[in-house]
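Novice: In our numbering, the protein residues as written are 27 to 237.
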Amino acid sequence: MADANALALAACVDPLRAANRRAGQQLYRWRFVSPSGGPVPLTAGFTIATAALSARPGDDVLAIVAGFRLEEQATPALRTRLRQLAPGLRAMIGIDGGSWFLARAGLLDGHAATVHWEDLEAFAARFPAIEVRADRYVVSGRRVTTGGAAPCLDMMLELIRARQGAELAMRVAGALVYQPTEAAGAPQRAFPATSAANEASPAAQAGNQTQ
27 MADANALALA ACVDPLRAAN RRAGQQLYRW RFVSPSGGPV PLTAGFTIAT AALSARPGDD
87 VLAIVAGFRL EEQATPALRT RLRQLAPGLR AMIGIDGGSW FLARAGLLDG HAATVHWEDL
147 EAFAARFPAI EVRADRYVVS GRRVTTGGAA PCLDMMLELI RARQGAELAM RVAGALVYQP
207 TEAAGAPQRA FPATSAANEA SPAAQAGNQT Q
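(1) Would F58 be called buried (16 or more neighbouring beta carbons within 10 Å of its own) or exposed?
(2) Taking just the CA atoms, how far does R47 sit from G200?
(3) Drop a sphere of 10 angstroms on the beta-carbon of L35, count the other beta-carbons inside from all chains shown, and report buried for 16 or more, exposed for fewer.
(4) Just verifying my parser: in three-state terms, what is the DSSP assignment at D180?
(5) Among all the DSSP beta bridges, which residues are the ones paired with L68?
(6) Is the stretch 92-111 close to the stretch 64-84, with three or more CB pairs under 8 Å?
(7) Once you ignore the five residues that flank L194 on each side, which residues in its own chain have a CB closer than 8 Å to its CB?
(8) What first and last residue would you give for the beta strand (DSSP E) that runs through T172?
(9) Just curious, the beta strand (DSSP E) that G120 is in, first and last residue?
(10) For A78, is the classification buried or exposed, using 16 other Cβ atoms within 10 angstroms of its Cβ as the cut-off for buried?
(11) Classify I156 as helix, strand or coil using the three-state DSSP reduction.
(12) If we count Cβ pairs, one from each stretch, closer than 8 Å, do we get three or more for the stretch 99-115 versus the stretch 134-143?
(13) Please report the straight-line C-alpha distance between L104 and E147, rounded to a whole angstrom.
(14) Can the beta-carbon of V158 be found less than 9 Å from the beta-carbon of A175?
(15) Would you mind reading off the limits of the alpha helix (DSSP H) that contains T106?
(16) Quick check on this structure: which residue in V165, A129 and I119 has the alpha carbon closest to the alpha carbon of T101?
(17) How is D161 classed by DSSP in three states: helix, strand or coil?
(18) Whose C-beta lies closer than 6 Å to the C-beta of C178 among residues of the same chain, with five residues either side of it excluded?
(19) Run the CB neighbour count on A75, radius 10 Å, all protein chains shown included, and call it buried at 16 or more, exposed below.
(20) Using 10 angstroms around the beta-carbon of V203, count the other beta-carbons present and answer buried if the total reaches 16, otherwise exposed.
(21) DSSP three-state label for A89, please.
(22) I need the DSSP call for S60, collapsed to helix, strand or coil.
Here it is as structure tokens:
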């Protein structure tokens with residue numbers, strides 16, 4: 027969706043690319059779609075080319091990556107389209123703000139779900155039929171939701187582990203120089219700005235010294 031977080035999009039796709047490379051075969055295929063196709067702007071300031079969602083042929087998983095302007099983009103036509111697609115999909119994934127689109131379409135009713143920690147209270151108040159959790163990511167039947175970019179990476183590694191085994195999942199994590207340490211049910215955490223200011227990293231300190 028427009029104004030999605032580029033890091034969340036990369037966390038969704040790049041583990042699949044790494045899995046294909048490490049496995050030496052094409053285990054996963056993906057393509058980028060949007061409600062009407064065409065270039066879609068991301069928050070980082072660049073656009074990504076997309077095909078129209080209505081032309082989506084034969085995919086078995088739909089991941090919705092979103093960040094801002096959620097109400098504006100959750101149009102009646104899109105919500106209807108999502109409900110039409112749901113029965114034929116093995117899974118629907120809401121990443122970051124993507125959980126809102128699934129919820130607005132009624133596709134999370136009766137499910138457990140999560141969303142970015144900044145929106146948890148508003149999300150729970152808006153959608154009482156959903157069991158809202160403060161987890162990093164939640165798998166509830168054929169619905170998967172994540173609380174942001176880093177939880178998305180954890181979720182994708184778990185998806186790879188479930189489908190291709192723990193060895194490949196760990197090789198993918200190694201290729202991304204990432205150490206998965208958080209379980210799905212680990213709570214999301216907000217890091218205080220004061221702590222970050224008082225504990226500058228060596229890289230940040232080095233940068234300050236060269237200015």
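Glycine included, every Cβ here is placed at the ideal spot set by N, Cα and C. As the structure is a prediction and not an experimental result, all values here were calculated from the model.
Specialist: With the structure as the only source:
(1) exposed
(2) 13 Å
(3) buried
(4) helix
(5) A30
(6) yes
(7) So the list reads A45, R48, A49, I186 and R187, once near-sequence residues are dropped.
(8) R169 to T172
(9) Looking at the DSSP string, the run of the beta strand (DSSP E) that includes G120 is A117 to D122.
(10) A78 is classed as exposed because its beta carbon has fewer than 16 other beta carbons within 10 Å across all chains shown.
(11) If DSSP states are grouped into helix, strand and coil, I156 belongs with coil.
(12) no
(13) Distance from the CA of L104 to the CA of E147, rounded to the nearest whole angstrom, comes to 25 Å.
(14) no
(15) Start and end: P102 to L111.
(16) Nearest Cα to T101 within the set V165, A129 and I119: A129.
(17) strand
(18) Result list for C178: A34, A37, C38, I121 and T172, in chain order.
(19) exposed
(20) exposed
(21) Strand.
(22) strand
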